[in-house]
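Engineer: Sharing a structure, written as structure tokens. Questions coming.
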Amino acid sequence: MKSGKQTSSKGLKICSVIAGLLLIALLVVLIVLCLTVLRPIEPEIVAQIVKLKELQWQTSPSPNVSVSLGLIVTIYNPNHGSFRYENSTTYLRYYGDVVATATIQGGEIPPLRTGNITTIIGVDGETLKAVGNFSSDLNTGSLYLASSATLVGKVNIFGLFRIRVTGFTGCEVGVFLKDRVASPSCTYQMNF
């Protein structure tokens with residue numbers, strides 16, 4: 007006949023094996039979840055709208071123009087964790103030269119949400135006169151500007167996964183003085 011110690015020892019071994027198998031199964035499920043559902047996905051960053059906020063121009067006695075553009079950057083965060091982005095700068099270029107800058111304040115987009123970042127960037131004629139063919143552009147009634155911004159941030163999922171994300175957005179903007187409209191064409195690119 008077996009003693010109580012041998013039966014107890016055998017039961018302890020069986021219980022330990024079952025607990026070990028359950029622990030392994032739980033780890034496999036967690037790894038599968040992390041690699042599929044919880045894996046970080048790049049946020050979508052799109053320069054959505056460029057609006058002409060203010061336009062003042064004259065051709066005589068001396069040619070001059072003052073332009074303010076409103077830029078809305080929309081960020082969709084498809085992750086199950088927040089996307090936190092740092093302070094950034096938007097640049098406005100005329101014939102490749104930077105003629106104005108505006109600050110984009112850092113912030114955070116909650117999980118599975120969309121957020122908008124708005125900024126206004128303005129430039130005056132004195133700055134534009136020093137660059138390119140300002141007088142001929144003013145006489146034709148149109149200015150062609152380019153805006154660009156870079157957003158740098160991190161996706162943080164439950165404090166376990168952190169991915170650094172850099173988003174570039176750029177817009178080519180035609181400002182038509184007589185019609186008082188701006189016609190944008192925007193693109194974006196993401197890098198992990």
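FYI, in my numbering the residues of the sequence shown are 7 to 198. Don't be surprised by glycine CBs; every beta carbon is placed ideally from N, CA and C.
Does the distance from the C-beta atom of valine 179 to that of alanine 152 stay below 8 Å?
Structural biologist: Indexing the sequence shown from 1 puts residue 179 at position 173. Indexing the sequence shown from 1 puts residue 152 at position 146. Yes, they are a contact pair.
Engineer: Going by alpha carbons, who is nearest to aspartate 130 out of Gln64, Arg119, Gly121 and Val161?
Structural biologist: Along the sequence shown, one-based indexing puts residue 130 at 124. Minimum Cα distance to aspartate 130 is reached at Gln64.
Engineer: Using DSSP bridges, identify the partner residues of phenylalanine 174.
Structural biologist: In the sequence shown, residue 174 corresponds to position 168, counting from 1. In DSSP, phenylalanine 174 forms a bridge with Thr156 and Gln195.
Engineer: Starting from the C-beta of leucine 278, find all residues in its chain whose C-beta is less than 6 Å away, skip the five residues before and the five after it, and write them out in chain order.
Structural biologist: This structure leaves residue 278 out entirely; the chain is present only between 7 and 198.
Engineer: What does the Cβ neighbour count give for glycine 87, buried or exposed, with the cut at 16 atoms within 10 Å?
Structural biologist: Your numbering for residue 87 matches position 81 in the sequence shown. Answer is buried; the Cβ neighbour count reaches 16.
Engineer: Can you tell me which of the three DSSP states valine 219 falls into?
Structural biologist: There is simply no residue 219 to check, as the chain begins at 7 and stops at 198 in what is shown.
Engineer: Taking the straight line between their C-alpha atoms, what separation do you get for threonine 42 and lysine 57?
Structural biologist: Numbered from 1 along the sequence shown, position 36 holds the residue referred to as residue 42. Numbered from 1 along the sequence shown, position 51 holds the residue referred to as residue 57. Here the alpha carbons of lysine 57 and threonine 42 stand approximately 40 Å from one another.
Engineer: Does the beta-carbon of leucine 118 have 16 or more other beta-carbons within 10 angstroms, so that it is buried, or is it exposed?
Structural biologist: As a position in the sequence shown, residue 118 is number 112, starting the count at 1. By the 10 Å Cβ count, leucine 118 comes out exposed.
Engineer: So the candidates are Leu61, Arg45, Ile30 and Leu29; which of them puts its Cα closest to the Cα of glycine 147?
Structural biologist: In the sequence shown, counting from the first residue as 1, residue 147 sits at position 141. Ranking Leu61, Arg45, Ile30 and Leu29 by Cα distance to glycine 147 puts Leu61 first.
Engineer: Using only CA atoms, which one of Thr156, Val35 and Glu132 lies nearest to valine 52?
Structural biologist: To locate residue 52, count along the sequence shown from 1; it is residue 46. Of the listed residues, the one whose Cα sits closest to valine 52 is Thr156.
Engineer: Per DSSP, serine 148 forms a beta bridge with which residues?
Structural biologist: Counted from its first residue, the sequence shown places residue 148 at position 142. Paired residue(s): Phe182.
Engineer: Can you say whether cysteine 21 is buried or exposed, counting buried as having 16 or more other CB atoms within 10 angstroms of its CB?
Structural biologist: Reading the sequence shown from its first residue, position 15 is the one you call residue 21. So cysteine 21 counts as exposed.
Engineer: Assuming glycine 176 contacts isoleucine 126 under a Cβ cut-off of 8 Å, what Cβ separation, rounded to an integer in Å, is found between them?
Structural biologist: Position 170 of the sequence shown, counted from the first residue, corresponds to residue 176. Position 120 of the sequence shown, counted from the first residue, corresponds to residue 126. Between isoleucine 126 and glycine 176 the Cβ distance is about 17 Å, and since that is not below 8 Å, they are no contact.
Engineer: Let me check one thing: in DSSP terms, what residues is leucine 61 bridge-paired to?
Structural biologist: Sequence index remark: in the sequence shown, residue 61 carries index 55 (1-based). According to DSSP, which records beta bridges pairwise, leucine 61 is partnered with Val73.
Engineer: Which one or two residues does DSSP pair with glycine 112 in a beta bridge?
Structural biologist: Position 106 of the sequence shown, counted from the first residue, corresponds to residue 112. Answer by DSSP bridge pairing: none, since glycine 112 is not bridged.
Engineer: By how many angstroms is the C-alpha of leucine 32 removed from the C-alpha of glutamine 111?
Structural biologist: To locate residue 111, count along the sequence shown from 1; it is residue 105. To locate residue 32, count along the sequence shown from 1; it is residue 26. Roughly 42 Å separates the two Cα atoms.
Engineer: When the Cα atoms are used, what is the spatial distance from phenylalanine 174 to valine 71?
Structural biologist: Against the sequence shown, residue 174 aligns to sequence position 168. Against the sequence shown, residue 71 aligns to sequence position 65. Cα-Cα distance, rounded: 29 Å.
Engineer: Tell me the residue span of the beta strand (DSSP E) that contains threonine 133.
Structural biologist: Position 127 of the sequence shown, counted from the start, is the residue given in the question as residue 133. Element bounds for threonine 133: not the beta strand (DSSP E) but the alpha helix (DSSP H), 131-135.
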